[in-house]
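Student:
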Amino acid sequence: MADAFAIELKNIKKSFGAVAANRNINLSLRQGEILALLGENGSGKTTLMNMLSGIYRPDGGEIFVNGERVDIASPEDAKRLGIGMVHQHYRLVEVFSAADNIWLGRNCPKYPFREKLKSVCAEKKGWRRLTAGGKVLVCGAGAAFSERLLRKKRYQEVEKICSAFGFSIDPAKKVYNMAVSEKQTLEIVKVLYYGARIIILDEPTAVLTVQETEKLFEVLRRMKAEGHSIIIITHKLNEVLAISDRVAVLRKGEYVGTVETAEANEQMLTDLMVGHRVDLNIERPVVEKKKPLLEIRNLTVRNDEGVRAIDDVSFYIRGGEILGVAGIAGCGQRELCEAIAGLRKIESGEMVHKGENIVGLMPREIIEKGISMSFIPEDRLGMGLAPSLSITDNMLLKTYKTGSRPFSPFVDRRRGRAEAARIIEELGVVTPSTETPVRRLSGGNVQKVLVGREIQSGPNVIVTAYPVRGLDIHSSYAIYDILNRQKESGVGILFVGEDLDVMLALCDKIMVLCHGRVMGIVHASKTSKEELGLMMTGTLNLVRDDADAGKKTGIARDTNIREDDVR
Amino acid sequence: MVLDILAGFVYSIIVYNIPLLYGTVGEILNEKAGSLNLGVEGTMAVGAIFGYLLGCRTDSLFLGILTAAAAGALCGLLFAFFTVTLQANQNVTGLTVTTLGLGVYYFVAHAVHSRSNWPMMQDCPSIVKGFSEIHIPLLSDIPYIGKAFFSHNLFIYLGIFLAVLVWWYMKHTTAGLRMRAVGENPGAADSCGVNIPRSKYLHITAGCAIMGVGGYYMALHINGEYLASSGWINGYGWIAVALVIFANWNPARAILGTFVFGIFKALEVYAGSIAFAFPALFGWLKAVPPKVFTALPFLITALVLVLSSARRSKKSNQPAAIGVNYYREDR
Numbered sequence: 004m005a006d007a008f009a010i011e012l013k014n015i016k017k018s019f020g021a022v023a024a025n026r027n028i029n030l031s032l033r034q035g036e037i038l039a040l041l042g043e044n045g046s047g048k049t050t051l052m053n054m055l056s057g058i059y060r061p062d063g064g065e066i067f068v069n070g071e072r073v074d075i076a077s078p079e080d081a082k083r084l085g086i087g088m089v090h091q092h093y094r095l096v097e098v099f100s101a102a103d104n105i106w107l108g109r110n111c112p113k114y115p116f117r118e119k120l121k122s123v124c125a126e127k128k129g130w131r132r133l134t135a136g137g138k139v140l141v142c143g144a145g146a147a148f149s150e151r152l153l154r155k156k157r158y159q160e161v162e163k164i165c166s167a168f169g170f171s172i173d174p175a176k177k178v179y180n181m182a183v184s185e186k187q188t189l190e191i192v193k194v195l196y197y198g199a200r201i202i203i204l205d206e207p208t209a210v211l212t213v214q215e216t217e218k219l220f221e222v223l224r225r226m227k228a229e230g231h232s233i234i235i236i237t238h239k240l241n242e243v244l245a246i247s248d249r250v251a252v253l254r255k256g257e258y259v260g261t262v263e264t265a266e267a268n269e270q271m272l273t274d275l276m277v278g279h280r281v282d283l284n285i286e287r288p289v290v291e292k293k294k295p296l297l298e299i300r301n302l303t304v305r306n307d308e309g310v311r312a313i314d315d316v317s318f319y320i321r322g323g324e325i326l327g328v329a330g331i332a333g334c335g336q337r338e339l340c341e342a343i344a345g346l347r348k349i350e351s352g353e354m355v356h357k358g359e360n361i362v363g364l365m366p367r368e369i370i371e372k373g374i375s376m377s378f379i380p381e382d383r384l385g386m387g388l389a390p391s392l393s394i395t396d397n398m399l400l401k402t403y404k405t406g407s408r409p410f411s412p413f414v415d416r417r418r419g420r421a422e423a424a425r426i427i428e429e430l431g432v433v434t435p436s437t438e439t440p441v442r443r444l445s446g447g448n449v450q451k452v453l454v455g456r457e458i459q460s461g462p463n464v465i466v467t468a469y470p471v472r473g474l475d476i477h478s479s480y481a482i483y484d485i486l487n488r489q490k491e492s493g494v495g496i497l498f499v500g501e502d503l504d505v506m507l508a509l510c511d512k513i514m515v516l517c518h519g520r521v522m523g524i525v526h527a528s529k530t531s532k533e534e535l536g537l538m539m540t541g542t543l544n545l546v547r548d549d550a551d552a553g554k555k556t557g558i559a560r561d562t563n564i565r566e567d568d569v570r
Numbered sequence: 141m142v143l144d145i146l147a148g149f150v151y152s153i154i155v156y157n158i159p160l161l162y163g164t165v166g167e168i169l170n171e172k173a174g175s176l177n178l179g180v181e182g183t184m185a186v187g188a189i190f191g192y193l194l195g196c197r198t199d200s201l202f203l204g205i206l207t208a209a210a211a212g213a214l215c216g217l218l219f220a221f222f223t224v225t226l227q228a229n230q231n232v233t234g235l236t237v238t239t240l241g242l243g244v245y246y247f248v249a250h251a252v253h254s255r256s257n258w259p260m261m262q263d264c265p266s267i268v269k270g271f272s273e274i275h276i277p278l279l280s281d282i283p284y285i286g287k288a289f290f291s292h293n294l295f296i297y298l299g300i301f302l303a304v305l306v307w308w309y310m311k312h313t314t315a316g317l318r319m320r321a322v323g324e325n326p327g328a329a330d331s332c333g334v335n336i337p338r339s340k341y342l343h344i345t346a347g348c349a350i351m352g353v354g355g356y357y358m359a360l361h362i363n364g365e366y367l368a369s370s371g372w373i374n375g376y377g378w379i380a381v382a383l384v385i386f387a388n389w390n391p392a393r394a395i396l397g398t399f400v401f402g403i404f405k406a407l408e409v410y411a412g413s414i415a416f417a418f419p420a421l422f423g424w425l426k427a428v429p430p431k432v433f434t435a436l437p438f439l440i441t442a443l444v445l446v447l448s449s450a451r452r453s454k455k456s457n458q459p460a461a462i463g464v465n466y467y468r469e470d471r
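Chains as they are written, first to last, in the numbering used here: chain Y, 4 to 570; chain E, 141 to 471.
Shown next, in the form of structure tokens:
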């Protein structure tokens with residue numbers, strides 16, 4: 004049995020309604036290897052893994068764990084079989100401490116009263132039998148009862164577990180106070196504590212920084228060395244090549260094949276995943292730049308907690324350029340976007356759009372001026388789209404007041420449907436119909452709908468944050484392409500991104516924020532990843548008041564623009 | 141004299157607040173397990189009518205309590221079956237339980253009363269005896285304080301004991317931790333191997349049993365007098381729902397919360413005496429018509445509901461997944 008596969012899937016099928024999410028999938032995981040599961044959005048990776056963790060039940064096919072055929076009917080079954088899954092959206096109770104989150108699934112030891120009672124009764128005679136038997140019962144019940152109490156010592160025990168696995172977690176820290184990477188560590192500790200030998204990670208790196216990802220990979224390598232078998236789902240090809248032993252590829256719910264990582268490269272994996280050749284270069288068309296469309300002067304905005312999230316920020320976006328905004332999570336990108344869209348109160352500063360101050364305008368008025376915002380939050384649906392409404396209805400959300408019948412009390416559904424159909428066709432959204440609720444679509448398709456709608460309204464400034472968050476290569480490139488085409492038609496784009504490689508290739512200029520302050524605005528062609536990284540953490544600050552010239556340095560200027568165009 | 145009035149006032153506050161405490165503690169058990177059960181009013185009514193009728197027929201307080209708890213538990217089972225097994229909307233189901241419970245209450249009460257075999261509480265000596273004040277040696281003999289706090293009937297001590305027990309259970313046992321997890325994030329609890337339907341059924345049923353006993357207490361409190369129009373529960377179930385929020389989902393705090401609400405109810409009777417005892421401070425109470433004090437708890441309930449739902453606070457203990465049914469394969 005030593006060389007049996009840790010997991011073997013044979014002809015697994017699963018469909019949701021009329022949509023087949025998995026069709027005859029065959030997959031095997033060797034003992035002690037890291038298998039990367041690769042596939043575009045909606046190719047059925049998560050569905051497949053959810054069947055291993057007991058969330059879904061397969062419609063057909065067989066699952067073998069360590070060579071034995073098993074039926075995984077619930078997460079508890081999976082736990083018993085030693086399969087643990089770290090879900091993409093962490094399954095943690097926010098208001099509980101780390102220790103309580105682990106304690107939740109702890110198996111209380113059972114006290115076999117009957118056997119012990121029998122043996123005691125066999126030994127003792129007469130009234131001694133009675134007292135001894137009573138003692139067993141009382142002590143056993145007492146122990147079982149105290150085992151089910153929440154004691155302070157659980158904190159020490161959880162700390163012990165963590166250090167045994169080589170992690171450091173404060174067991175008393177509440178989950179809502181944790182950073183994303185801490186939550187992930189907690190999830191991994193939890194899974195290990197429940198005795199998992201087979202660990203599944205669903206897009207673990209999607210929300211991590213480069214350094215955190217590197218740390219995670221070290222953990223995975225260590226776990227592999229200790230004999231754990233690991234399946235990791237990720238979109239990032241460089242990560243696949245760095246961490247995995249083999250790569251299994253799914254495409255549209257079907258199993259394409261498995262390749263040894265050593266023999267693979269990015270181009271080959273992409274082609275396998277997409278099914279045809281994809282050009283991996285991001286183009287940066289050169290467009291003749293126009294005057295600034297949107298100028299932000301000395302903007303200060305507070306966040307929900309009342310702290311300055313954007314602190315005296317000035318920049319401008321010109322027609323025909325993509326201005327990237329880089330920064331670590333929480334550096335004020337969100338507040339900046341919300342301020343521009345009119346969703347957040349501005350403390351001080353000016354926002355000038357085509358020579359007109361837009362501070363204090365209603366979001367609708369700002370939209371009518373041609374400034375569109377698409378913000379993709381971590382949960383993807385949070386802002387912009389109404390999940391239970393159909394694609395058509397979501398199209399209408401922004402245009403019901405404009406168009407053919409601006410004052411009519413009735414909505415023009417036919418036009419909305421036509422717009423929906425156009426986006427579905429142009430951007431290749433995979434959906435059963437225009438009337439499908441948005442929440443039923445996979446993440447990539449949801450994002451295409453959102454970005455598509457923003458472009459549909461014909462804006463002249465597009466503010467987009469994380470438009471490719473969690474998207475696969477094919478969809479990401481589709482979105483880059485959309486943005487580039489908009490840029491060519493003279494639109495100014497503010498692109499808040501997270502992947503520095505992409506930003507370097509796609510953006511014309513990059514502004515780096517750190518704690519709400521501008522660390523510098525640089526030309527993408529004249530900077531490097533390292534420099535940006537230093538600026539993001541605040542180690543390097545290019546902005547300095549140049550007293551002699553009476554202006555600031557460290558802000559990239561365009562040569563074909565006069566000083567009085569930009570004050 | 142003044143102290144006498146004060147002792148009597150506190151005594152009657154406690155008498156009035158205890159049925160609310162039963163309802164509140166029961167509802168906290170429901171809500172902490174993620175179920176917003178709006179059937180408190182109906183559940184209490186059903187517990188009241190069956191507990192009273194059966195208790196009086198058998199002349200046994202114990203059987204009465206048991207019946208009331210069982211009737212309440214049955215309402216809870218109904219709610220759990222619809223919301224957990226059939227995944228029905230919790231608000232609608234809760235309102236249905238209230239409507240159904242009140243309907244059953246009026247139907248049974250009227251049917252029994254119209255055949256003129258309505259049992260009288262004074263004809264049941266052991267119930268009267270069991271419901272009378274318990275004299276605790278030493279404690280009850282403390283002047284004034286003994287009268288205010290230590291000369292109550294069985295239900296009052298039972299209610300406070302239950303509140304403390306539920307508080308302890310939620311805070312200090314693994315089962316309580318799991319139940320809270322189900323109410324906060326059923327997905328997380330599920331992936332840890334917690335049996336969610338079982339936990340929900342258990343806590344909904346137990347909570348509703350407690351509500352039923354609270355209803356029974358209200359019936360006995362007015363001597364089981366047949367009320368054709370207003371009914372015995374008379375909106376107390378709704379106040380209990382609001383008190384859960386007022387108590388911030390903490391059963392121990394619910395003791396305090398119900399006490400505050402009891403003040404207004406007690407003022408209905410004691411306003412005149414208080415005005416007499418403290419003419420300088422509360423003389424104006426004499427001018428207030430007593431009906432105002434009857435209405436006050438409801439007004440404050442409405443205010444609490446509006447204010448607490450308008451205010452978003454991190455400190456609120458409201459379970460995150462309240463009102464949401466959990467279906468594992470949901471996408």
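All residues carry an ideal CB built from backbone N, CA and C; glycine is no exception.
Could you tell me the boundaries of the beta strand (DSSP E) in which P366/Y lies?
Tutor: No beta strand (DSSP E) contains P366/Y, which is instead part of the alpha helix (DSSP H) from P366 to E371.
Student: Give the secondary structure of G327/E by DSSP, where H, G and I count as helix, E and B as strand, and everything else as coil.
Tutor: In the structure shown, G327/E sits in a helix (DSSP, three-state: H, G or I).
Student: Roughly how many angstroms lie between the CA atoms of N284/Y and D484/Y, to the nearest whole one?
Tutor: Taking the straight line joining both Cα atoms gives about 11 Å.
Student: Which residues, taken in chain order from the region 311 to 322 of chain E, show a beta carbon closer than 8 Å to some beta carbon of chain Y?
Tutor: Flagged, chain order: K311, H312, T313, T314, A315, G316, L317, R318, R320 and A321.
Student: For A23/Y, which residues in the same chain have their Cβ closer than 8 Å to its Cβ, ignoring the five residues on either side in sequence?
Tutor: Excluding residues within five positions, the ones whose Cβ falls inside 8 Å are K16, K17 and G256.
Student: Contact defined as beta carbons within less than 8 Å: I believe F2/Y pairs with L486/Y. What is the distance between those atoms, to the nearest angstrom?
Tutor: Residue 2/Y lies beyond the range of chain Y shown here (4 to 570); nothing can be said about it.
Student: Should the region 94 to 108 of chain Y be called in touch with the region 184 to 198 of chain Y, which here means at least 3 C-beta pairs below 8 Å?
Tutor: Output reads yes: the region 184 to 198 of chain Y touches the region 94 to 108 of chain Y.
Student: Using a Cβ-Cβ distance under 7 Å, would P78/Y count as near chain E?
Tutor: With 7 Å as the cut-off, P78/Y counts as an interface residue toward chain E.
Student: Is the Cβ of R197/E closer than 7 Å to any Cβ of chain Y?
Tutor: Cβ-Cβ to chain Y under 7 Å: no for R197/E.
Student: For N25/Y, which residues does DSSP report across the bridge?
Tutor: N25/Y is bridged to K17/Y.
Student: From what residue to what residue does the beta strand (DSSP E) around L622/Y run?
Tutor: Nothing can be reported for residue 622/Y, as the shown portion of chain Y is limited to 4 through 570.
Student: Nearest to D330/E by CA position, among Y467/E, L146/E and I145/E, is which residue?
Tutor: Comparing Cα positions, the closest option is Y467/E.
Student: What number of angstroms, rounded off, separates the C-alpha of L12/Y from the C-alpha of R225/Y?
Tutor: Computed Cα separation, rounded: 26 Å.
Student: If the cut is a Cβ gap below 8 Å, which residues of chain E does W572/Y touch?
Tutor: The structure shown does not extend to residue 572/Y, since chain Y spans only 4 to 570, so no value can be given for it.
Student: Return helix, strand or coil for R570/Y, following the three-state DSSP convention.
Tutor: A caution first: R570/Y carries a pLDDT of 42, below 50, which makes its placement in the model unreliable, though a value can still be read off. Here R570/Y sits in coil by DSSP.
Student: Using the beta-carbon count (16 or more within 10 Å), is F202/E buried or exposed?
Tutor: Exposed is the call here.
Student: Given a threshold of 16 other Cβ atoms within 10 Å of its Cβ, counted over all protein chains shown, does E167/E qualify as buried or as exposed?
Tutor: Classification for E167/E: buried.
Student: I think T164/E touches L302/E, with their Cβ atoms under 8 Å apart; what is that distance to the nearest whole Å?
Tutor: Contact doesn't hold; Cβ gap of about 11 Å is too wide.
Student: Do the CB positions of V464/Y and G495/Y come within less than 7 Å of each other?
Tutor: Yes; because the gap between Cβ atoms is below 7 Å, this pair is in contact.
Student: Output the boundary residues of the alpha helix (DSSP H) element that contains L203/E.
Tutor: L201 to A220 is the extent of the alpha helix (DSSP H) around L203/E.
Student: So for P429/E, helix, strand or coil by DSSP?
Tutor: Of the three classes helix, strand and coil, the one that applies to P429/E here is coil, per DSSP.
Student: Looking at the secondary structure, which residues open and close the beta strand (DSSP E) in which R337/Y lies?
Tutor: Note, R337/Y: premise wrong, no beta strand (DSSP E); alpha helix (DSSP H) at Q336 to I343.
Student: Assuming E263/Y is part of the beta strand (DSSP E), what are its boundary residues?
Tutor: Its beta strand (DSSP E) spans residues E257 to E263.
Student: What does the alpha-carbon distance come out to for the pair V569/Y and Y480/Y?
Tutor: Here V569/Y scores only 48 on pLDDT, less than 50, and its place in the model should not be relied on; the value that follows carries that caveat. Cα to Cα, the separation comes out at about 33 Å.
Student: Interface residues of chain Y around R393/E at Cβ under 9 Å?
Tutor: Per Cβ cutoff of 9 Å: no residues; R393/E is ~17 Å from chain Y at best.
Student: At the 7 Å Cβ level, is C332/E part of the contact set with chain Y, yes or no?
Tutor: Interface residue, yes.
Student: L152/Y touches chain E at which residues, Cβ-Cβ below 8 Å?
Tutor: Correct list: H312, T313 and T314.
Student: For V68/Y versus I10/Y, is the C-beta distance shorter than 7 Å?
Tutor: Yes, the pair counts as a contact, with Cβ atoms nearer than the cut-off.
Student: At a cut-off of 6 Å, is P337/E close to the ligand SAH when judged by its beta-carbon and the heavy atoms of the ligand?
Tutor: Among the ligands in the structure shown, none appear at all, so the ligand SAH cannot be discussed.
Student: Taking the alpha-carbon positions, what's the F190/E to A210/E distance?
Tutor: Spanning the two alpha carbons is a distance of roughly 9 Å.
Student: Using a Cβ cut-off of 8 Å, pull out every chain E residue sitting near E97/Y, in sequence order please.
Tutor: Per Cβ cutoff of 8 Å: E324, N325 and A460.
Student: In three-state terms, what does DSSP make of Y584/Y?
Tutor: Limits of chain Y in this structure are 4 at one end and 570 at the other, which puts residue 584/Y out of reach.
Student: Determine the DSSP secondary structure at V414/Y, reduced to helix, strand or coil.
Tutor: Correct three-state label for V414/Y: coil.
Student: Locate the beta strand (DSSP E) running through L497/Y, then write down its first and last residues.
Tutor: Per DSSP, L497/Y belongs to the beta strand (DSSP E) from G495 to V499.
Student: Could you work out which residues of chain Y lie near R468/E, taking near to mean beta carbons separated by less than 7 Å?
Tutor: The contacting residues are I58.
Student: Can you list, in chain order, the stretches of the alpha helix (DSSP H) that have 4 or more residues and sit fully within the region 285 to 351 of chain E?
Tutor: Whole alpha helix (DSSP H) segments, 4+ residues: 285 to 289, 294 to 312, 314 to 324 and 326 to 331.
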